[in-house]
Structures are given as structure tokens and as C-alpha cells.
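First residue of the sequence shown: 9, per my numbering; consecutive thereafter.
Using N, Cα and C, we set each Cβ at its ideal position, and we do this for glycine too.
Everything numeric in this text was worked out from a predicted model, so none of it was measured.
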Amino acid sequence: MLRAKRRIGFFGGTFDPFHCGHLEMARSAAEYLNLHSVSFVPAGQNPLKGNPPAATPKQRVEMIRRGIAHETKFSIWEGELERNGPSYTLDTIEHVERVYPNCHLFWIIGSDQLAHLSDWYGIEKLVYKVRFILLKRPGYALDWPGIKGLTLYPVDNPLMRVSATEVRRRLSKKVSLAGLVPLQVENFIKEHGLYT
Ligand code: ATP
């Protein structure tokens, strides 16, 4: 009997820090698209973000690790942290394809990324290698980009009013995080005095 191809999701971001929005996005994407697994891909150097992350790569990985500790399907792909230069998704996926041949690959994004997708390095090639999973984000319209070959699966997820910027702002002003990050991540941030 033919075995169904594995469906593997990847979720790229800076995760500076990892927050509850990231966790809920991965859960919703996995459920809606029936994914076997989701790998979080912390960016080394995000080509579309101006400022470098405040936390070190090791700290960002550790925050993700703590945030997903109770999730059986989730893991971390550290490939972008091991490369020099900008972290291009196309390079990551070409590496992933060699590690996971014969799998359906998915890339998870929030709707804030729709306006930038056509600027992604090698997007014209990338669209034939991954299908995109789109999560709604408050304040960002669902304007479909006109990219030839793009497959986009919209998810009807609950809106999550959280961003890493807001988490960092609260920490720098010593305001309560009010459950915006998983407790284990909050403890790590406090133990290491991050974002103060
Ligand atoms: P920052 O505020 O530092 O820009 P962020 O909260 O957007 O960070 P990233 O680590 O850059 O977090 O997240 C990766 C991607 O996850 C984002 O580009 C965005 O598409 C998506 N994302 C993050 N938070 C949410 C959210 N609350 N709802 C929907 N999508 C989100």
C-alpha cells in the first residue's frame, strides 16, 4: 500500500522573544493542515528586519525550547543560525528538501508578511517548493499577492494581539507581561535579565 507523504510545517521568525502568538499559530496551522510536525526556524539575520535581535541566538533557541516543551509535534530547526549572511528561506528549504525528500513542505506566515512576500529572495522558485499557510494577524489585511505559482492556505485562526515588540516594550517599562509569553519563557527572560 502507498504511504501518504509526510506533511511538515516550518515557521520562520526572529522569536525575540518567543511569545504565545507563535505557539497558537503553530497549533492552528498544524490542526488545520493536518501537519505531522512543525519546526520553528529562528532567523540568523532576517533580511527584512533592520535591527538585530536583542537576545543572542542561543537565548532565542532556549526560549523556543522552553515554550514548546509540552508540545509533542514541535521542534527547532537551527540551520539558519549556523549560516553566515542573510537568512534566506529559499536556502533553508533547499537544505530541508535534502533532509526530508518526498515530503510535503509548508511555510507558516502571519498576514503581516503578505505585503513583503514578493520581495523575498528567490520567491519565484520558493513557491514551487513550499505551500504557504497564512494566519490572520490584527491590523493586517488579507490582500492576496500576485505571485505566479503561489499556494496559500488561509487559516481561520483566532486573532492574537501580541508581538515581540510589545513584549520587549513591556519588559523595558517594567510592565506586567500579562500572559503574553509562556510562563517558562517569562521565567527565562527574568532569570537572564533580558530586554530591560
Ligand atoms: P517583532 O514584533 O519583533 O517584529 P513578531 O512578534 O512579529 O516580532 P517574529 O518572531 O518576527 O515575531 O514572528 C515571525 C512571524 O510570525 C511574523 O513575521 C508574523 O508573520 C508572525 N506573527 C507573529 N506574531 C503574530 C500574531 N500575533 N498573529 C499572527 N502572526 C504573527
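Those residues which DSSP pairs with residue i across a bridge
{"i": "Arg177", "result": "Answer by DSSP bridge pairing: none, since Arg177 is not bridged."}
{"i": "Phe48", "result": "Phe19 and Ile84"}
Enclosing alpha helix (DSSP H) for residue i [first to last residue]
{"i": "Gly20", "result": "No alpha helix (DSSP H) contains Gly20, which is instead part of the beta strand (DSSP E) from Arg15 to Gly21."}
{"i": "Gly29", "result": "Cys28 to Tyr40"}
{"i": "His112", "result": "Element bounds for His112: not the alpha helix (DSSP H) but the beta strand (DSSP E), His112 to Gly118."}
{"i": "Asn195", "result": "Leu191 to Glu199"}
{"i": "Asp99", "result": "Thr97 to Val107"}
{"i": "Met71", "result": "Pro65 to Gly75"}
{"i": "Lys133", "result": "Ile131 to Leu134"}
Distance cut-off 8 Å: residue i Cβ against heavy atoms of the ligand ATP
{"i": "Val170", "result": "yes"}
{"i": "Leu31", "result": "no"}
{"i": "Thr173", "result": "yes"}
{"i": "Gly21", "result": "yes"}
{"i": "Gly118", "result": "yes"}
{"i": "Arg74", "result": "no"}
{"i": "Tyr60", "result": "For the sequence presented, residue 60 should be read as Pro rather than Tyr. No, the ligand ATP has no heavy atom inside 8 Å of this Cβ."}
{"i": "Lys144", "result": "yes"}
{"i": "Asp24", "result": "yes"}
{"i": "Leu167", "result": "yes"}
{"i": "Lys57", "result": "yes"}
{"i": "Arg176", "result": "yes"}
{"i": "Gln67", "result": "no"}
{"i": "Gln121", "result": "yes"}
Contact belief for residue i with residue j at Cβ below 8 Å, rounded distance in angstroms
{"i": "Phe26", "j": "Val189", "result": "7 Å"}
{"i": "Phe114", "j": "Leu43", "result": "7 Å"}
{"i": "Ile116", "j": "Leu143", "result": "7 Å"}
{"i": "Gly187", "j": "Cys28", "result": "7 Å"}
{"i": "Arg176", "j": "Tyr203", "result": "5 Å"}
{"i": "Pro153", "j": "Ser126", "result": "5 Å"}
{"i": "Leu41", "j": "Arg15", "result": "7 Å"}
{"i": "Val46", "j": "Gly17", "result": "4 Å"}
{"i": "Gly52", "j": "Ser95", "result": "5 Å"}
{"i": "Ala34", "j": "Phe82", "result": "6 Å"}
Check whether residue i and residue j have beta carbons under 9 Å apart
{"i": "Asp164", "j": "Gly147", "result": "no"}
{"i": "Val138", "j": "Ile84", "result": "no"}
{"i": "Arg68", "j": "Thr22", "result": "yes"}
{"i": "Pro61", "j": "Tyr129", "result": "no"}
{"i": "Leu150", "j": "Pro162", "result": "yes"}
{"i": "Gly87", "j": "Val49", "result": "yes"}
{"i": "Asp24", "j": "Ala63", "result": "yes"}
{"i": "Ile155", "j": "Met71", "result": "no"}
{"i": "Lys13", "j": "Cys111", "result": "yes"}
Span of the beta strand (DSSP E) around residue i
{"i": "Tyr161", "result": "Leu160 to Val163"}
{"i": "Asp140", "result": "In the sequence as presented, Asp is not what sits at residue 140; that position holds Phe. Looking at the DSSP string, the run of the beta strand (DSSP E) that includes Phe140 is Arg139 to Leu143."}
{"i": "Ile84", "result": "Phe82 to Ile84"}
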